Amino acid sequence: MAIVTFLISLAGATMLLLYAVRMVRTGIERSYGASFQRVMTQQRSYLHSSLVGVMMAIVLQSSAAVALLTSGFAASGILNFSVGLAIVLGGDLGSALIIQILSFRLDWLVPLLLAIGGYLFVKTEAKKARQLGRILMGVAFILISLRFLREAMDPIRDSAFLPAVADYLARDYITAFLVGGALAFVMHSSVAAILMCVTLVQIGAIPFAAGMSLVFGANFGSAFIPVWLTRGMPVTARRIPYANLALRGSWALMTLFAANLALRTGLLGDPQGGQMLVNVHLAFNLSLLVLALPFCGRLQGIFEGLLPDQKKEQNSQPARPVSALDLENVSNPSQALPSLKRELLRMSDLIETMFRPALELYRSGDKDQIRAIQAIDEDVNRCLSGIRAFVAAIPTERYEKQDAKTARDLMEFAIRLETAGDVVAKRLAVLAGEMRAKGSSFSQEGWSELVQMHEGILANMKLASNVLISDDLESARLLSLEKTEIKRVERDSRKRHLRRLQHGTTESFETSDIHLETLRAFREFNSHIASIAYPVLYRNGQLLETRLVNEIAD
């Protein structure tokens, strides 16, 4: 019975630990996710790239998340292999630093974190404050789960089962290495897996030798996570996780044999305790970064040879259909409505392709890129024409009232998307051309404000796609709140711009009209994107008909 109770307690503590790590990462991504691309894709040295990886892993509390982001940017062609690999190696060191912090006994912080985090998350409406509350509560849950894990070991620590398993793992370090790798991969979190190993050593449940082999295995297993999660991505995205796996795997095996040999011959003395195990994990990742960083560029040719581009295979495949709409399915709501959503997703992707480089055009003024963006707008117009014809062909007598209304709502969103495309092609692109013709530039403060707004709108576009697919009420409410946040950012930027004019900032005078017009265009673009939230909010009674006061007091 003690074993069953132990397994249930262990499973509960582990699930709470995984949930808490995810909760912290979600809060940070929702607060600052839009800034990640700009931070990670700027051209820099390998050392600078690795430091960015360290920072990103600390922020996201996951080296796997850093590897996935890096692979996605590499697939888009905005991040090269060597810089991406340096970021991923730095991310591994960043996750080790997180474990160094969380391994201390910080139980006294739990009530304070829960009180402050709970208040911010439940009682405030501001986006950054709510997400800060989520992050603080997530950290508190991590500490609680580690305490639960220690308590779960108490009933079984003195039994014959755990010491037998611990002694076996201490003797057979190969098995311990494999168990640690499997644990990290199954949990899909190296932070959670290694924190568990450290806790077991801290309370004396397993000896230091077994914990060390488990940690080396967890480092190896964690490198498999991004390899597995990127298996459906293009080859350019998969090269970085495979290179990281090769480096971490080979170094983990080398240190496994060397450390166990040194431990058994007495060269390392008699290391004990969980903190010493954390130091071993930190030393492993730091040494790997120092040794591998100079070879990031040289490894590119090797992995391009091992994972070559598959252009021939891609060319031999049949072309994908231009549109997701098929008039033969128009009479069947269960097929017609999903087809409409698929087409709207394709239309939304085109809009994002237009909007993402729009701000950089203000600096480069590349005429060819401006014309390319305006050419995409023609594809957006064709999407709208196809959706309009599809919705017009719907036999309303065969549709339920709610299905017919959903089709009309999707048509309205298509119109808003097409208008958003016009904002980019006919306003932002034209303003970028004017900037190039004048040879002027924004002030540093003004440019930072535009970048912040641009990043927030890109994040809202992803959220809008999620709302389109899921019809999720919470996501729709969040999107509506983000629309309000963009309006506030636009208003504050306009006020700061006027203050700069009063202070006589030369750049602000030269670009005043363009700056203000760009702010208005950004706000209008975001309003069109956020309109997908309105039908979901209205169906759930979360939207007011008017903001006017219905009755005026005498």
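Those letters in the sequence shown? Residues 1 to 554, by full-length UniProt numbering. Yeah, the Cβ is synthetic: ideal placement off N, Cα and C, and Gly gets one too. Quick caveat: nothing in here was measured; it's all calculated off a predicted structure.
The three-state reading of DSSP puts isoleucine 203 in coil, since its state is none of H, G, I, E or B. Sixteen is the threshold: since fewer than 16 other Cβ atoms of the shown chains lie within 10 Å of the Cβ of aspartate 349, the residue is exposed. Counting C-beta pairs closer than 8 Å gives three or more between the segment 245 to 261 and the segment 280 to 289, which meets the contact rule. Within the model, the alpha-carbon separation for glycine 94 versus methionine 55 is close to 6 Å. Taking C-beta atoms under 8 Å as the contact rule, isoleucine 529 and alanine 464 qualify, at a distance of about 5 Å.
Nearest to serine 527 by C-alpha distance, out of Asn466, Leu291, Ile174 and Phe413, is Phe413. Secondary structure at aspartate 471: coil, using DSSP grouped into helix, strand and coil. Distance from glycine 433 to isoleucine 370 at the Cβ level is roughly 6 Å; contact confirmed, criterion being Cβ atoms closer than 8 Å. The continuous alpha helix (DSSP H) containing aspartate 379 extends over residues 367 to 392. Burial is judged here by how many other beta carbons sit within 10 angstroms of a residue's own beta carbon; proline 338 has fewer than 16 and is exposed. Contact between leucine 293 and alanine 115 fails: their C-beta atoms lie close to 42 Å from each other, not under 8 Å. In the DSSP annotation of this structure, leucine 293 is not part of any alpha helix (DSSP H), being labelled neither H nor E.
For glutamate 517, the enclosing alpha helix (DSSP H) begins and ends at 512 to 530.
Counting the other CB atoms within 10 Å of its CB gives methionine 15 a total below 16, which places it among the exposed residues.
In the three-state reduction of the DSSP assignment, glycine 269 falls in the coil class. Out of Glu445, Val191, Thr5 and Ile8, the CA that lies nearest to the CA of valine 59 is found in Val191.
Using a C-beta cut-off of 8 Å, the segment 452 to 461 makes no contact with the segment 320 to 336, since fewer than three inter-stretch Cβ pairs fall below that distance.
Considering only Ile302, Arg398, Arg298 and Ala259, the residue with the shortest C-alpha distance to alanine 283 is Ala259.
Cβ neighbours of alanine 20 within its own chain (closer than 7 Å, five residues either side excluded): Gly138, Phe141, Ile142 and Ser145. Taken through DSSP and simplified to helix, strand or coil, phenylalanine 257 comes out as helix. In this structure, the beta-carbon distance from glycine 446 to histidine 515 falls below 7 Å.
In the DSSP assignment, threonine 546 falls outside any alpha helix (DSSP H), carrying neither H nor E. Beyond the five residues adjoining it in sequence on each side, arginine 436 comes within less than 6 Å, by CB distance, of Gly365 in the same chain, given in chain order. Rounded to whole angstroms, alanine 209 and arginine 248 show a C-alpha spacing of 20 Å. Burial check for tryptophan 108: the Cβ neighbour count within 10 Å stays below 16, so the residue is exposed. Between the alpha carbons of isoleucine 174 and alanine 13 lies a distance of about 27 Å.
One Cα belongs to glutamine 374, the other to valine 380, and the distance between them is close to 10 Å. Of all alpha-carbon atoms in Glu400, Arg382 and Leu17, the one lying nearest the alpha-carbon of serine 331 is that of Glu400.
Take the alpha-carbon of alanine 459 and the one of alanine 425: they are about 20 Å apart. By the C-beta density criterion, arginine 134 is buried, having at least 16 other C-beta atoms within 10 angstroms. Arginine 171 counts as exposed, since fewer than 16 other C-beta atoms from the protein chains shown sit within 10 angstroms of its C-beta. The residue from Leu136, Leu245, Thr26 and Ser213 with its alpha-carbon nearest to that of alanine 166 is Ser213. When the beta-carbon positions are compared, valine 278 and valine 186 stay at least 7 Å from each other.
Cβ neighbours of arginine 147 within its own chain (closer than 7 Å, five residues either side excluded): Asp107. Out of Phe525, Tyr242, Leu79 and Leu327, the CA that lies nearest to the CA of isoleucine 225 is found in Tyr242. In the three-state reduction of the DSSP assignment, glutamate 418 falls in the helix class, which pools H, G and I.
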